[in-house]
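Read in order, the letters of the sequence shown are residues 3 to 113 in our numbering.
All C-beta atoms, glycine included, are put in the ideal place defined by N, C-alpha and C.
The structure displayed is predicted, hence computed values, not measured ones.
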Amino acid sequence: MKFSKINVWTKDGTVIQAGNPDHRLLLIEADGFDFLFRNIEELVGMSIHRIVIEEKRKATLDYLQNMFSGLKGVILRYFFSKRIYKMVAATGAFLGYGRFELLDLKKERPR
3 MKFSKINVWT KDGTVIQAGN PDHRLLLIEA DGFDFLFRNI EELVGMSIHR
53 IVIEEKRKAT LDYLQNMFSG LKGVILRYFF SKRIYKMVAA TGAFLGYGRF
103 ELLDLKKERP R
């Protein structure tokens, strides 16, 4: 999957989700983050690891919900869930979330 298919790089340099212009992306070089986070933790006197993970989880959930919302999302999830998962996993790896794979998939019954 190509990053440019689902995101738009605007003239002002902002990267937004194609289907949701309110969702902006931030691409940064991560080499200095460990040092920065350690310094923040020293200042506040506690680990911020859980705060960072939780914020990224919320942002990712919002991104995916907007990507697969509405009737199109229902159809895609119902008929192509394994393919979508592979696409999400590839995008996640590209964005630095690490490598993960689908081990089992159980379809939810409509309520």
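(request) Report the partner residues of R17 according to the DSSP bridge assignment. (result) In the sequence under discussion, the amino acid at residue 17 is Val, which differs from the Arg named in the question. Its beta-bridge partners are W11, L27.
Taking Cβ to Cβ, would you say M69 is nearer than 8 angstroms to G21?
-> yes
By how many angstroms is the C-alpha of L104 removed from the C-alpha of K84? 8 angstroms
Original post:
L17 to H25, Cα distance in whole Å?
Top reply: In the sequence as displayed, the identity of residue 17 is Val instead of Leu. V17 and H25: Cα-Cα distance of roughly 9 angstroms.
Starting from the C-beta of E56, find all residues in its chain whose C-beta is less than 7 angstroms away, skip the five residues before and the five after it, and write them out in chain order.
none
Notebook entry, point to check: The alpha helix (DSSP H) with A95 in it runs from where to where?
Noted result: 72-96
**Message:** At the level of alpha carbons, what is the spacing between W11 and K4?
**Reply:** 13 angstroms
Q) Cα separation between I133 and F35? A) Since the displayed the chain opens at 3 and closes at 113, residue 133 lies outside it and no answer follows.
Q: Could you check the C-alpha separation between R40 and Y80 for me, to the nearest Å?
A: 43 angstroms
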